[in-house]
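Notes for the one structure printed next.
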Amino acid sequence: TFITGEYYHIFNRGVEKRDIFIDDGDFLRFIHYLYVLNDDQPLSAEFRQRVDLTYEVRPRRLKRELLVDIFTFCLMPNHYHIFLRQRVDNGISKFMQKLGTAESMFFNAKYKHSGSIFQGKFKSVLVKGESQTIVLPNYQHLNPIDLIEPGWKENGIKNPRRAIEFLENYRWSSYLDYVGKKNFPSIINQEFLRGIIGGPEEFKGIIKGIIFDKAISNKFLKESKSLTID
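Residue 210 in my numbering sits at position 210 of the sequence shown, with consecutive numbering throughout.
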């Protein structure tokens, strides 16, 4: 059971670690869902019956009753991470149920697939205290480095400058919005983490520290272990 007002790391991956985001349209569609499904309204019968593959994916200004506050997210080809806070009772369960249903319907219609696309129910970890609140966004935002330097968490980053450049051009996370590049600002509540971590320079500084400094990186990776789920 999720507690209203508490903070959680939410995670799920594709069944058998298969890709769930295959092209840009897949990433955009899921990000669109993060916006429109964060609302107390249930999935409409029309939505359930019809999956329009060309549906407008840019968030529209809707009057929403938010179920959760989304602080950070990161989408990878075969999994996703979301850092959020429950706003109303059963908010996380409702939101994630809608998200899972909508994403499965879209994927199955687009790729002529049937059955579950995720490896099971989403996983969650309670985020406790300021230290974990700072570690988790950076853990999520660093995830894409796996795509260019697999094994960097164990072996270190061989090309730090390339890693920084890659992150600053990776669209499928909330990192760009936090470092001052408008990407998907309507999805996230930035105020909370800005109050704890600071502005764009602070966000960049922490990421650079982890990437360039082995001691900082080791400390960070050790601290992030309690927030990860496998």
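The beta carbon of each residue, even a glycine, is placed where N, CA and C say it ideally should be.
Taking residue i and residue j to be in contact with their CB atoms under 8 angstroms, please state how far apart those CB atoms are, rounded to whole angstroms.
{"i": "D89", "j": "E65", "result": "Going by Cβ atoms, the distance from D89 to E65 rounds to 13 angstroms, so no, they are not a contact pair."}
{"i": "H81", "j": "F73", "result": "6 angstroms"}
{"i": "H141", "j": "I207", "result": "7 angstroms"}
{"i": "G14", "j": "F118", "result": "6 angstroms"}
{"i": "S186", "j": "Y35", "result": "6 angstroms"}
If we ignore side chains and look at the alpha-carbon of each, how far apart do residue i and residue j end up?
{"i": "D69", "j": "R85", "result": "5 angstroms"}
{"i": "K98", "j": "P42", "result": "8 angstroms"}
{"i": "N218", "j": "E154", "result": "9 angstroms"}
{"i": "I22", "j": "I210", "result": "29 angstroms"}
{"i": "G91", "j": "T4", "result": "8 angstroms"}
{"i": "V125", "j": "H79", "result": "16 angstroms"}
{"i": "E201", "j": "E168", "result": "13 angstroms"}
{"i": "S44", "j": "T101", "result": "12 angstroms"}
{"i": "F212", "j": "D146", "result": "16 angstroms"}
{"i": "I216", "j": "N108", "result": "42 angstroms"}
{"i": "F2", "j": "L67", "result": "12 angstroms"}
{"i": "H9", "j": "F166", "result": "24 angstroms"}
{"i": "E149", "j": "Y170", "result": "14 angstroms"}
{"i": "F184", "j": "Y33", "result": "12 angstroms"}
{"i": "T228", "j": "K121", "result": "16 angstroms"}
{"i": "W241", "j": "F106", "result": "Given that the chain is displayed from residue 1 to residue 230, the structure contains no residue 241 and the question cannot be resolved."}
{"i": "R18", "j": "P144", "result": "16 angstroms"}
{"i": "F83", "j": "Y139", "result": "11 angstroms"}
{"i": "W172", "j": "R29", "result": "11 angstroms"}
{"i": "I164", "j": "K158", "result": "12 angstroms"}
{"i": "R161", "j": "G129", "result": "31 angstroms"}
{"i": "K313", "j": "D177", "result": "Beyond the ends of the chain as shown, which are 1 and 230, falls residue 313; an answer cannot be given."}
{"i": "D24", "j": "K182", "result": "18 angstroms"}
{"i": "G198", "j": "G205", "result": "10 angstroms"}
{"i": "F203", "j": "R87", "result": "25 angstroms"}
{"i": "V57", "j": "K123", "result": "Any reading at V57 must be qualified, since the residue scores a pLDDT of 48, below 50, and its modelled position is unreliable; the value itself is stated next. Taking the straight line from one Cα to the other gives about 26 angstroms."}
Which residues share a DSSP beta bridge with residue i?
{"i": "N12", "result": "Y80"}
{"i": "S124", "result": "I10"}
{"i": "V135", "result": "In DSSP, V135 forms no bridge with anything."}
{"i": "W197", "result": "Residue identity differs from the one stated: residue 197 is Ile in this sequence, not Trp. Looking at the DSSP assignment, I197 forms no beta bridge with any residue, so it has no partner."}
{"i": "V68", "result": "Q86"}
{"i": "L75", "result": "Y80"}
{"i": "F30", "result": "F30 is not bridged to any residue."}
{"i": "F118", "result": "G14"}
Can the beta-carbon of residue i be found closer than 9 angstroms to that of residue j?
{"i": "P137", "j": "L221", "result": "no"}
{"i": "I188", "j": "I134", "result": "no"}
{"i": "L75", "j": "F27", "result": "yes"}
{"i": "S116", "j": "S104", "result": "yes"}
{"i": "E6", "j": "V127", "result": "yes"}
{"i": "S131", "j": "E16", "result": "no"}
{"i": "T156", "j": "K225", "result": "Checking the displayed sequence, the identity of residue 156 turns out to be Gly instead of Thr. Not closer than 9 angstroms, so no."}
{"i": "I31", "j": "P77", "result": "no"}
I want to see whether chain D comes within less than 9 angstroms of residue i, judged by CB atoms only; does it?
{"i": "Y7", "result": "Of the protein chains in this structure there is only one, and it is not chain D."}
Contiguous alpha helix (DSSP H) assignments of at least 4 residues, all confined to the stretch 170–194
175–178
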